[in-house]
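The numbering of the sequence shown is the numbering used here, which starts it at 359 and goes up by one.
Right, one structure below, let's go through it.
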Amino acid sequence: MVDTKALPASQLCRRYDLEALGFKDTTELEDLREPLGQDRAVEAIRFGIGVRHHGFNLFAFGPSGSGKTEIIRRYLEPEAAAKPVPDDWCYINNFKVPDHPKLLRLPAGRANDLAQQMEALTEEVRAVISAAYESEDYRTRLDVIVEQFKLKQEEAFEDLQKKADEKNVSIVRTPMGLALAPSQDGKVLNPEAFSKLSSESQEKFKKDIGELEGDLQAVVRMLPEVEREQRREITKLNREVTSFAVDHLIDEIREKWRDCTAVLVFFDEVQDYIINHSDVFRLTKDEAVETVPARIAADFVMQQERVIGNCQINVLISHDANGGAPVVYEDNPTVENLIGRIEHRSEFGSLVTDFRLIKPGALHRANGGYLILDARRLVFQPYAWETLKRELRSQEVRIESLTQMMSLGSMVSLQPETMPLDIKVILIGDPLLYYLLSQNDPDFQNLFKVPVDFDDRLPVTDDAVALYAKFIATEARKKRLMPLERGAVEKVMERMTRLTSDTERLSSHTRSLSDLMSEADYWAASRKASHIAAEDVTHAIKAHIHRSDRMRERTQEQFQRGTMMLDTSGAKVGQINGLSVMQLGDFAFGRPSRITARVHLGRGRVIDIEREVELGGPLHSKGVLILSNFLAARYTENKPLSLNASLVFEQSYGGVDGDSASSTELYALLSALADVPIKQSLAVTGSVNQFGEVQAIGGVNEKIEGFFDLCNFRGLSGTQGVLIPESNVKHLMLKDEVVEAAEKGKFHIFSVASIDEGIEILTGMPAGELDAAGNYPKDTINGRVKLRLEAFAESARRYVKSGGEEKMSEVNDD
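What follows is the structure, encoded as structure tokens:
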């Protein structure tokens, strides 16, 4: 084994020493004033909330839990507090078209005053009108009108009766109305008595009745007109009395609103409406219940309430006059929660509504300010995304229900006047959703022109480390956790570096940091400590892993019990230990696998068995396809590649994807071709390109630890280890057990930049370099591979020459 190539333990994990910062615990550190490592995002936020042009709404995206909402609110709220307070908005009755309620715009903070004044006014109006109708003056004037028209009717009938009496004709009432009949001595003659009269008398009566018939018809026709005139006079009296009763009440509050023309117009409409409907106030509610039958009384009281309600206002939005612009976060962005809704109530078994049942949405509440929405929740709500875009395009809020939008219902509803919209919308989501909307929705770029890109990593520098310590102290105070000792802060920073899988980066993922500190606080409290120590952080990390690693333990158990075959000692030809990563939720772990290769004469095909049975993903297949080109270009550039090779992940029963095993598979192929055994005490990860260079892969820490755990269970021999790409060294943040084993020389991590370096470590044989004649030394891996491939080519040539080309082609086609 070439121990000189093994990485020193100091390169396997980054340690932090914060002694130079001069603090013992986080109580000695100041709060962090600015977001950590979010300069780009902060610049975008300041620009987005500052520009007022249409369409410059913001979409903040980054990993979930990175503190996007908190940071945005931190910059929004001071900006909003410095802005003018937006106006109040109310809905009022449209007295001409009740189905189209009108908007009333009021200066900030005055809507509730107007609502209270109108409520008090309408209740007082109810009382004063009822009192006015009960007054002696009103009753006297009403009696005069009634008597005048009664006298007028009586005079008309008296004149007609006098003419009839002179001619012995009586006016009688019949089921059909008034009629004229002959009389004698003041008594109406019946048909029998009339028939006994002389012919001259009968003719005279008929003539007289015919002459009086016209006068009777004139009187009858006059009666409805007299009644109408009487009603007009009574209505005029009622209006006069009502006007006298309510004018001074409305004038009192009118003086308070001289600066609001729209309110004065509303007062005029209310005044006319009350006067026109004054008859419903003749009785109080109690009098109606006592004096009118129950059914009529209920209808009468409902009419009163309806008239009273129509004169009041529905305060949609009211602001504190000194509160600045609103900042609204809508957690559940449904259509109704965005644009408001129109509620209904039941009356006598029917659903009815009016302007007082109009309820505001988030767009109403945030109008003139800022609205924060969760983008994922928004797009998942039916019609919510399209509705928001429509409102932003039109710059007005239109209240519609989903049934109206989809034309599914026929229930009569209101069509409220639309509200002008002046708003800045901030969507918060993940990067994938941002890019999907940006690519697939043509409206997106026009409406959300300011991307706010949050990063969850920052470079490790001296300044960054100092700021990160303050970041930890700030989060501890915010969460009301125990102070962290300096050693605990160092452990937290090591863990946050591990989460980035990069020793040159620190994770600024707020939720992960907060969760780790909260768990450490729990363990510190369980031992009745006053500070969080390094051991508490270590305990929290191990406990968190233990809660999630059941599947990892079960996988390791299969290897430990021999169910899954994998050697950690000895050497074998065409067999190598590969490493992969399994991700379950937020927990990832490494899983070693045995990879084998077999070679024989053929037509240059490297068969990926995983791909052939459709268990290999496209990235894995890509890595395997590179291998045949590498072999042909390096060893048989002037001859055909005359081999067939098969590669397989042994005991793999699920899908395989990724190219991180391509270098491992190439090592197995080279071993099989050179007939040189590979040390089974080593495992390999890394992808390879067509030039034989080993490239970086992901999950390097988990892969190393997965193989280490198996070796540790079987007993560390000092020969075991893992080969990783040289470009992955900066990503090493291995757990303490691996670092300790490396320090004691019981486990080794090798970094390689090329296939030649790796094959030397795996086999103990030199890879070999080309000489001036273009040949590799025979006792090298490359030399043995080249000779084997040339032998295959010669065998193929002889086989073809002997007439076996067709059969060989058939074999390869199969």
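From the three backbone atoms N, C-alpha and C, an ideal C-beta is built for every residue, glycine too.
Since the model is a prediction, treat every value here as computed from it, not as a measurement.
Output yes or no for whether 8 Å exceeds the beta carbon distance between residue i and residue j.
i, j, result
"residue 671", "residue 461", "no"
"residue 861", "residue 372", "yes"
"residue 1020", "residue 985", "yes"
"residue 874", "residue 892", "no"
"residue 416", "residue 847", "no"
"residue 1135", "residue 1122", "no"
"residue 467", "residue 446", "yes"
"residue 457", "residue 661", "no"
"residue 790", "residue 725", "no"
"residue 433", "residue 404", "yes"
"residue 702", "residue 665", "no"
"residue 1050", "residue 1113", "yes"
"residue 593", "residue 487", "no"
"residue 784", "residue 745", "no"
"residue 370", "residue 1090", "yes"
Check for me: the beta strand (DSSP E) holding residue i runs from which residue to which?
i, result
"residue 344", "The requested residue 344 is not part of the displayed model; the chain covers only 359 to 1172."
"residue 945", "945 to 959"
"residue 364", "Note, residue 364: premise wrong, no beta strand (DSSP E); not H, not E."
"residue 823", "Unbroken run through residue 823 is the alpha helix (DSSP H), 820 to 836; no beta strand (DSSP E)."
"residue 817", "815 to 817"
"residue 786", "782 to 787"
"residue 349", "What the structure shows of the chain is the stretch from 359 to 1172, and residue 349 is not part of that stretch, so it cannot be assessed."
"residue 888", "Looking at the DSSP string, residue 888 is not in any beta strand (DSSP E), and its letter there is neither H nor E."
Between which two residues does the alpha helix (DSSP H) holding residue i run?
i, result
"residue 892", "892 to 906"
"residue 811", "Where residue 811 is concerned, there is no enclosing alpha helix (DSSP H), although the beta strand (DSSP E) it sits in stretches over 808 to 811."
"residue 476", "469 to 492"
"residue 1157", "1139 to 1157"
"residue 803", "802 to 805"
"residue 1116", "1113 to 1121"
"residue 687", "Not the alpha helix (DSSP H): residue 687 falls in the beta strand (DSSP E), residues 685 to 688."
"residue 1086", "Counting along the chain, residue 1086 falls outside any alpha helix (DSSP H), and DSSP gives it neither H nor E."
"residue 634", "619 to 634"
"residue 696", "693 to 697"
"residue 939", "Not the alpha helix (DSSP H): residue 939 falls in the beta strand (DSSP E), residues 933 to 942."
"residue 1096", "1094 to 1101"
For residue i, count the other beta carbons within 10 Å of its own beta carbon; 16 or more makes it buried, fewer makes it exposed. Which is it?
i, result
"residue 863", "buried"
"residue 1060", "buried"
"residue 849", "buried"
"residue 348", "In the structure as shown, the chain starts at 359 and stops at 1172, and residue 348 therefore has no counterpart that could be examined."
"residue 1043", "buried"
"residue 752", "exposed"
"residue 1151", "buried"
"residue 817", "exposed"
"residue 826", "buried"
"residue 585", "exposed"
"residue 923", "exposed"
"residue 949", "buried"
"residue 638", "buried"
"residue 942", "exposed"
"residue 629", "buried"
"residue 1128", "exposed"
"residue 411", "exposed"
"residue 938", "buried"
"residue 904", "exposed"
"residue 1105", "buried"
"residue 793", "exposed"
"residue 558", "exposed"
"residue 693", "buried"
With a threshold of 8 Å between beta carbons, is residue i in contact with chain D?
i, result
"residue 1147", "Checking the listed chains, one finds no chain D in this structure; it contains a single protein chain."
* **Stretch-stretch touch, CB-based, cutoff 8 Å, three pairs: the region 1000 to 1008 with the region 1146 to 1154** => The region 1000 to 1008 makes contact with the region 1146 to 1154: 3 or more CB pairs, one atom from each, lie closer than 8 Å.
* Asked: Counting Cβ pairs, one atom from each stretch, are 3 or more of them under 8 Å apart for the region 746 to 758 and the region 703 to 711?
  -> As far as the Cβ criterion goes, the region 746 to 758 does not touch the region 703 to 711, which means the pair count is below three.
* Report the residue ranges of all beta strand (DSSP E) runs contained in full by the region 995 to 1082; include only those spanning at least 3 residues, in chain order. => The region 995 to 1082 contains, as complete beta strand (DSSP E) runs of 3+ residues, the segments 1001 to 1007, 1040 to 1042 (chain order).
* Are the region 790 to 803 and the region 716 to 730 touching by the rule of at least three beta carbon pairs closer than 8 Å? -> No, because fewer than three Cβ pairs between the region 790 to 803 and the region 716 to 730 fall closer than 8 Å, the two stretches do not touch.
* Asked: Do the region 473 to 493 and the region 715 to 727 make contact, defined as three or more Cβ pairs closer than 8 Å?
  -> Contact between the region 473 to 493 and the region 715 to 727 is absent: fewer than 3 CB-CB pairs across the two stretches fall below 8 Å.
* Continuous beta strand (DSSP E) assignments of at least 3 residues falling wholly in the region 719 to 761 -> Those beta strand (DSSP E) runs which fall completely within the region 719 to 761 and span 3+ residues are 728 to 732.
* Would you list, in sequence order, the uninterrupted beta strand (DSSP E) runs of no fewer than 3 residues that lie entirely inside the region 844 to 870? => Every beta strand (DSSP E) stretch that sits fully inside the region 844 to 870 and reaches 3 residues is listed by chain position as 863 to 865.
* To do: For the region 1035 to 1053 and the region 929 to 943, state whether three or more C-beta atom pairs, one from each stretch, are separated by less than 8 Å.
  => Short answer: they touch.
* Asked: Touching or not, the region 940 to 955 and the region 1022 to 1034, by the rule of three or more beta carbon pairs under 8 Å?
  -> With a cut-off of 8 Å, the region 1022 to 1034 and the region 940 to 955 count as touching, because enough Cβ pairs lie within range.
* Asked: Counting pairs of beta carbons, one from the region 824 to 843 and one from the region 425 to 443, are three or more of them closer than 8 Å?
  -> No: the two stretches stay apart, fewer than three of their Cβ pairs being nearer than 8 Å.
* Quick one: which unbroken alpha helix (DSSP H) runs of 4-plus residues sit fully inside the region 375 to 462? Chain order, please. => Entirely contained in the region 375 to 462, the alpha helix (DSSP H) runs reaching 4 residues are, in chain order, 397 to 408, 426 to 439.
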